[in-house]
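Structure first, then comments.
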Amino acid sequence: MELSPARFKTQAAASLADARLQSALEKLQDRFVVGRAQALLELDNADAVRDAAADIRARTLANLDDYLERFEAAARAAGAEVHWAENASDVNRILVEIAARHGVKRVVKSKSMVTEECRVNEALGTAGLEVRETDLGEYILQLADEPPSHIVAPVVHKSRDEIADLFVEHHRTPRRETIPALVAEARERLRPAFLAADMGISGANFLVAETGSALIVTNEGNGRLATTLPRVHVAVTGIEKVVPTLEDVATLLRLLPRYATGQSITNYVSILTGPRRPDDGDGPEHFHVILVDNGRSRMLGTDRHDMLRCIRCGACMNHCPVYQNVGGHAYGWVYPGPMGSVLTPALLGPAEARDLPNASTLCGACAQVCPVKIPLPDLLRNLREEQVEQRLRPAGERLAIRLWGLLARHPFLYGVASGVIARALRLYAGRDGAIRRLPLGRGWTLGRDFPAPSGRTFRELYVRRGRA
Amino acid sequence: MRVGLFVTCLVDLVRPRVGFAALKLLEATGADVVVPHSQTCCGQPAYNSGDRRTALALARKTARDLAGCDAVVVPSGSCAGMLRMHYPRLAEADPEPAHAAALRRLAAHTYELSDFITRIAPLERVPGRYEGTVTYHDSCSGLRELGIKDGPRRLLARLPGVRLVEMREAETCCGFGGTFAVKFGEVSSAMADRKCRHILETGARAVVAGDLGCLLNIEGRLRRCGHNGIRALHFAEVLSGEAD
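So the sequence lines, in the order shown, correspond to chains P and U.
The UniProt record's numbering puts the first residue of the first sequence at 1, with every later residue one more than the last.
The UniProt record's numbering puts the first residue of the second sequence at 1, with every later residue one more than the last.
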């Protein structure tokens, strides 16, 4: 079944029933939650760095057009070509045009969420190009024909055993068991792809306005290979990724790896500025940057504005108790967890993802760990308000809330009704004091009893006590 | 000091004992406690469901109900968080300055119960008695909106018979989330299940928290799984001696 953000409930139920997924999700806790907490201990002024990072992102977004123009000018001065894409089909058209112009047949890709968002692989395939994902996780998913389930660790939902089976099926080699052996096997397959590729596509973690550079942080060498070996390099990135200066980037880099994977710094930090110069040892002959809007500019100045600060570290999903239980595929699109529950409806429209803003207990763990202090629960609540205004929530739900509100505004009626409900539930519960099926709350009693009310409300007992 | 007790609609309807326990603790501080009879619901279910208009109407009403108090105390981190942190936001959008001012005034002197009896009017003697091992669950809003963390633990430690054992992931949500527990029953149960596992690991005979919603959710899952020996108690019930 094709995943869809409109089917959170069904997809979540499938995830809960998937024992392999459940055991894979346990890894998140050990690796990322514990890892982040430990990595933060190394910074003696973590709160101050976080304030500074949030400020850099907020300042840039307040003058986004200006910084994008500066970036464009600096990138052009360094010899890059800059393209503007309003939507996904623009991105794909521009990529196909670049490929045609340079006679490209084979493409290697480094990890990029924005190209997932635009379904680039599909479009390039249709245009007759051969596309190979080279990030280990993305490579595995390409073999499995599955979307990523996490923005930092795309294959976190799969066990080593499943990956070993997948390699046997696709590589037709003897089954290897250990992680180093599996990595070596993937490397054997990927190396020829790098050497044969005419074009490399990457994302960018940041765009540096002062230098016109695209900056990539990664733990695998595939990033450098994909951006330097092929003749043509294209960096595809959302317009919100721009940052004013290299110094600002340095501040953000103190947080991004720590919040993402618990590392002080990633294995590689590549700053790509224009094509190779005559005396450079390597690098592409042609360097293109595609600046993707795809709904982002519509978020500026609205209730979703703060979401554009996101630096895609994944900490919110790692710490979200809902994500921890259902994993990324339940969210049905490229961006899962709390950030996805805001971003997906913001980019695709609130009708496409009715359940996502509601699929949170608003526990606040996400905001607590966001390195750039995005108030995620507030953004989720705003989306819920928008859904109510646009009548996108079920009529029964809206009515129930309104009726409750009406009752609660009239203390006398409220007192009578709550007294009746308390008694009715008490009777319904029987002797052991537990309700196994709640008349209007079947969702609750699917997995839990409802402890029976004591039968008299506080207000009744309090009045009686006053008289006594 | 005239202290208004806001009992919360869940306490009123499901477990009134928590309200009386809170009353007993407040009276033990020597405060002049009132329980305005017209109070109902603070509007949080509507607010979190996206029905801002209903939320604002209930917020205004609550502010009127509690207008005569010097301080307002709530035995729930979640409802106290609503009054304290979210009423000012509703006030921002309130077209009538008098109503907006009333919401802000109320927010400024609203306290969660443990916060009030440790910081504002310190309880000299804890009136209750309790024997046994307990573990404490940090309810989300109290913890993250109001910074309630050590207060309830320190209060529990003042009862000589209580031994407090920390559970794993005490700060992780139990899956209640108001209407979330009904809308996404299966996900919510899975979250409650994890919470129950961590509670069982401690060997405690009771899980204590500051929010009745979390307690009902946790207790519901414990009972469904057959763990009838473990109680889910509000800290006010333990501290006041109303648990038995």
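Even for Gly, the Cβ is constructed at its ideal location relative to N, Cα and C.
Figure out for me which residue from the options has the closest Cα to the Cα of residue i.
i: E210(P); options: L379(P), W404(P) and R70(P); result: R70(P)
i: G332(P); options: P321(P), A184(P) and T344(P); result: T344(P)
i: R231(U); options: E169(U), A121(U), E186(U) and H137(U); result: H137(U)
i: A190(U); options: V162(U), V207(U), L123(U) and G220(U); result: G220(U)
i: S114(U); options: A209(U), L56(U) and L106(U); result: A209(U)
i: G314(P); options: G301(P), E352(P), A353(P) and L255(P); result: L255(P)
i: A53(P); options: I374(P), L403(P) and L379(P); result: I374(P)
i: N382(P); options: Y414(P), P371(P) and S341(P); result: S341(P)
i: T361(P); options: V372(P), L380(P), R354(P) and I201(P); result: L380(P)
i: A243(U); options: V7(U), M1(U) and A21(U); result: A21(U)
i: P275(P); options: P244(P), E240(P) and A235(P); result: A235(P)
i: G151(U); options: A101(U), H99(U), R119(U) and F180(U); result: R119(U)
i: F32(P); options: Q324(P), E386(P) and A367(P); result: Q324(P)
i: A46(U); options: G177(U), G226(U) and D211(U); result: G177(U)
i: R231(P); options: R277(P), S213(P), K241(P) and G203(P); result: R277(P)
i: S188(U); options: G455(P), G447(P) and R459(P); result: G447(P)
i: A127(P); options: R93(P), H150(P) and T134(P); result: R93(P)
i: A198(U); options: G213(U), E171(U) and R224(U); result: Before going on, a small fix: residue 198(U) reads as His here, not Ala. H198(U) has its Cα closest to that of E171(U), out of G213(U), E171(U) and R224(U).
i: L159(U); options: C41(U), L123(U), Y130(U) and E186(U); result: Y130(U)
i: V74(U); options: A98(U), T110(U) and G43(U); result: T110(U)
i: N217(U); options: A31(U), G185(U), H99(U) and V7(U); result: G185(U)
i: D32(U); options: M1(U), E145(U), Q44(U) and V72(U); result: M1(U)
i: T445(P); options: R163(U), L155(U), S76(U) and A192(U); result: A192(U)
i: A14(P); options: R298(P), G328(P) and E86(P); result: G328(P)
What residue does the beta strand (DSSP E) around residue i start on, and which one ends it?
i: T361(P); result: First-last for T361(P): undefined, no H or E at that position.
i: L425(P); result: Premise fails: L425(P) lies in the alpha helix (DSSP H), P411 to A429, not in any beta strand (DSSP E).
i: R132(P); result: E130 to E133
i: T110(U); result: T110 to E112
Pull the bridge partners of residue i from the DSSP assignment, please.
i: I201(P); result: K109(P) and V234(P)
i: H288(P); result: E81(P) and V234(P)
i: D32(U); result: R2(U)
i: L215(P); result: F206(P) and I271(P)
i: Y323(P); result: Answer by DSSP bridge pairing: none, since Y323(P) is not bridged.
i: A209(U); result: H234(U)
i: F450(P); result: I435(P)
i: T202(U); result: DSSP lists no partner for T202(U).
i: G132(U); result: V162(U)
i: A71(U); result: V3(U)
i: V243(P); result: V208(P)
Assuming residue i and residue j are in contact, meaning their beta carbons sit under 8 Å apart, how far apart are those beta carbons, in whole angstroms?
i: L23(U); j: V3(U); result: Their Cβ separation, rounded to whole angstroms, is 10 Å, which puts L23(U) and V3(U) out of contact at 8 Å.
i: V148(U); j: E112(U); result: A small fix is needed here, since residue 148(U) is Ile in this sequence, not Val. 6 Å between Cβ atoms; contact.
i: V238(U); j: P453(P); result: Going by Cβ atoms, the distance from V238(U) to P453(P) rounds to 20 Å, so no, they are not a contact pair.
i: A88(P); j: T273(P); result: Contact flag wrong, Cβ pair sits at about 27 Å.
i: H233(P); j: F287(P); result: 5 Å
i: V372(P); j: R57(P); result: 5 Å
i: V243(P); j: L300(P); result: Between L300(P) and V243(P) the Cβ distance is about 17 Å, and since that is not below 8 Å, they are no contact.
i: I271(P); j: S213(P); result: 5 Å
i: A346(P); j: M317(P); result: Going by Cβ atoms, the distance from A346(P) to M317(P) rounds to 16 Å, so no, they are not a contact pair.
i: A102(U); j: A63(U); result: 4 Å
i: A204(U); j: V165(U); result: 5 Å
i: A408(P); j: C41(U); result: 4 Å
i: S49(U); j: D211(U); result: That belief does not hold up - the Cβ atoms of S49(U) and D211(U) are roughly 18 Å apart, past 8 Å.
Along the chain, where does the alpha helix (DSSP H) containing residue i start, and where does it finish?
i: D47(P); result: A46 to A62
i: H319(P); result: A315 to H319
i: I218(U); result: L212 to R224
i: A395(P); result: A395 to A408
i: L164(U); result: Premise fails: L164(U) lies in the beta strand (DSSP E), V162 to L164, not in any alpha helix (DSSP H).
i: G223(P); result: N222 to T228
i: L440(P); result: It is not in any alpha helix (DSSP H) - L440(P) carries neither H nor E in the DSSP assignment.
i: E122(P); result: V120 to T126
i: S346(P); result: Per the sequence shown, residue 346(P) should be read as Ala rather than Ser. From DSSP, the alpha helix (DSSP H) with A346(P) extends over G337 to L348.
i: S297(P); result: R296 to M299
i: A243(U); result: Careful: A243(U) lies outside any alpha helix (DSSP H) and carries neither H nor E.
i: A144(P); result: L136 to A144
i: S159(P); result: Careful: S159(P) lies outside any alpha helix (DSSP H) and carries neither H nor E.
*Are there three or more Cβ pairs, one per stretch, closer than 8 Å when the stretch 109-117 of chain P is compared with the stretch 125-143 of chain P?*
yes
*Is the number of C-beta pairs between the stretch 188-207 of chain P and the stretch 219-233 of chain P that are closer than 8 Å three or more?*
yes
*Hey, is the stretch 82-95 of chain U in contact with the stretch 41-56 of chain U, meaning 3+ C-beta pairs nearer than 8 Å?*
yes
*Taking 8 Å as the threshold, find out whether the stretch 149-157 of chain P comes into contact with the stretch 85-100 of chain P through three or more Cβ pairs.*
no
*Below 8 Å, can you find three or more Cβ-Cβ pairs linking the stretch 350-357 of chain P to the stretch 4-21 of chain P?*
yes
*Does the stretch 31-49 of chain P touch the stretch 179-189 of chain P, meaning 3 or more C-beta pairs lie closer than 8 Å?*
no
*If you pair each beta-carbon of the stretch 449-464 of chain P with each one of the stretch 424-436 of chain P, do three or more pairs fall below 8 Å?*
yes
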